[in-house]
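Everything on this sheet refers to the single structure shown next.
Residue numbers (the working numbering), protein chains in the order written: chain A, 86 to 201; chain B, 323 to 435.
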C-alpha cells in the first residue's frame, strides 16, 4: 500500500522569497513521484515528475524537487516565488508496474499563498 | 490537440437520486481514471478503465460505478446519492499501457442537497 504525507497544509511566503513544500511517502514497492498544481476552479496540472535517473528534477517555471530514497521524501522547492505561484500543490505517487500505472495516491495538499 | 473534457461542469442533485458524469479523453488515449476530491478526504482514486475494462479500483462503495466505451470515452455513475458525495470529480486520461503522464480534466462539481 502507498501513502503520501504533506506536512504543511498552508504555507504563506513573501514574494521573491524561497519556499519548500515537504512531501514524504510510504510504499511497499518502488514508486514514481509527482508534484501537481491546482489553480482555483481548475483541474490538476503536472508540475514535475521523478521516474528514474537524476534525483533532482526541474520544471520549466523554476520549481525543483529532489528524490531522497533513504528519507522517502520528494520535497518541492523554488528559490524565488511569484504571485502567480499562489495555488494548491499536491504530491503524489504511483506504484511502478503495469497494474498500477494510472492509480495516483495523493497527499492532502499544501496551499501556497504568496504575499505581495 | 483538445484536452480532457468533462460534462457537465456543475450539477446539483438531491439525496437518493443518481447521477452520471462523462469524460472524453485526449484523442489516442486509452486509459481513463476517475478521482474524487473533497475538503475532508482530499483526492482519492475511484477507478481506472483501459480498453473498456476496469483495471484498478479504489476503496469506494458499490454505489460508485463506471464504464468505458470503444471510443475511450468514460462515464461514472453514482446511485442513491448521499450528502457526502458532494465533491469535485476529476477524470484523467493517459496513453495507458504502462506509466504515461495523466492529463486531468477541469472536473465536475457535484452538490448533493
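In this text, a Cβ means the ideal position worked out from N, Cα and C, and glycines have one as well.
Chain A contact for residue i (CB, 8 Å cutoff)
i, result
"residue 404 of chain B", "no"
"residue 388 of chain B", "no"
"residue 429 of chain B", "yes"
"residue 426 of chain B", "yes"
"residue 423 of chain B", "yes"
"residue 418 of chain B", "yes"
"residue 435 of chain B", "no"
Minimum Cβ-Cβ distance from residue i to chain B less than 8 Å
i, result
"residue 191 of chain A", "yes"
"residue 197 of chain A", "no"
"residue 127 of chain A", "yes"
"residue 194 of chain A", "yes"
"residue 131 of chain A", "yes"
Which listed residue (the options) has its alpha carbon closest to that of residue i
i, options, result
"residue 194 of chain A", "B/341, B/401, B/325 and B/361", "B/361"
"residue 196 of chain A", "A/125, A/156 and A/148", "A/125"
"residue 168 of chain A", "A/110, A/103 and A/133", "A/103"
"residue 343 of chain B", "B/393, B/387 and B/392", "B/387"
"residue 364 of chain B", "A/173, A/187, A/180 and A/133", "A/173"
"residue 356 of chain B", "B/422, B/434, B/411 and B/435", "B/411"
"residue 350 of chain B", "B/400, B/399, B/394 and B/427", "B/394"
"residue 49 of chain A", "A/166, A/114 and A/153", "Nothing can be reported for residue 49 of chain A, as the shown portion of chain A is limited to 86 through 201."
"residue 377 of chain B", "A/182, A/164 and A/165", "A/182"
"residue 114 of chain A", "A/95, A/91, A/86 and A/166", "A/86"
Spatial distance of residue i from residue j (CA atoms)
i, j, result
"residue 417 of chain B", "residue 170 of chain A", "29 Å"
"residue 390 of chain B", "residue 414 of chain B", "13 Å"
"residue 201 of chain A", "residue 99 of chain A", "6 Å"
"residue 107 of chain A", "residue 144 of chain A", "17 Å"
"residue 334 of chain B", "residue 379 of chain B", "26 Å"
"residue 374 of chain B", "residue 429 of chain B", "21 Å"
"residue 347 of chain B", "residue 148 of chain A", "28 Å"
"residue 422 of chain B", "residue 112 of chain A", "20 Å"
"residue 120 of chain A", "residue 331 of chain B", "25 Å"
"residue 215 of chain A", "residue 146 of chain A", "Any property of residue 215 of chain A remains undetermined from this structure, which presents chain A solely from 86 to 201."
"residue 329 of chain B", "residue 155 of chain A", "43 Å"
"residue 91 of chain A", "residue 435 of chain B", "31 Å"
The ligand GTP heavy atom lying under 7 Å from the CB of residue i
i, result
"residue 91 of chain A", "The ligand GTP is not among the ligands present in this structure, which contains no ligands whatsoever."
Rounded distance between the beta-carbons of residue j and residue i, thought under 8 Å
i, j, result
"residue 161 of chain A", "residue 150 of chain A", "5 Å"
"residue 358 of chain B", "residue 368 of chain B", "6 Å"
"residue 118 of chain A", "residue 424 of chain B", "With 8 Å as the limit, residue 118 of chain A and residue 424 of chain B do not qualify as a contact, their Cβ atoms being about 14 Å apart."
"residue 191 of chain A", "residue 175 of chain A", "5 Å"
"residue 339 of chain B", "residue 403 of chain B", "5 Å"
"residue 180 of chain A", "residue 116 of chain A", "6 Å"
Contact list for the segment 354-375 of chain B against chain A, Cβ threshold 7 Å: Against chain A - using a Cβ distance shorter than 7 Å - the residues of the segment 354-375 of chain B are 355, 364, 365, 367 and 370.
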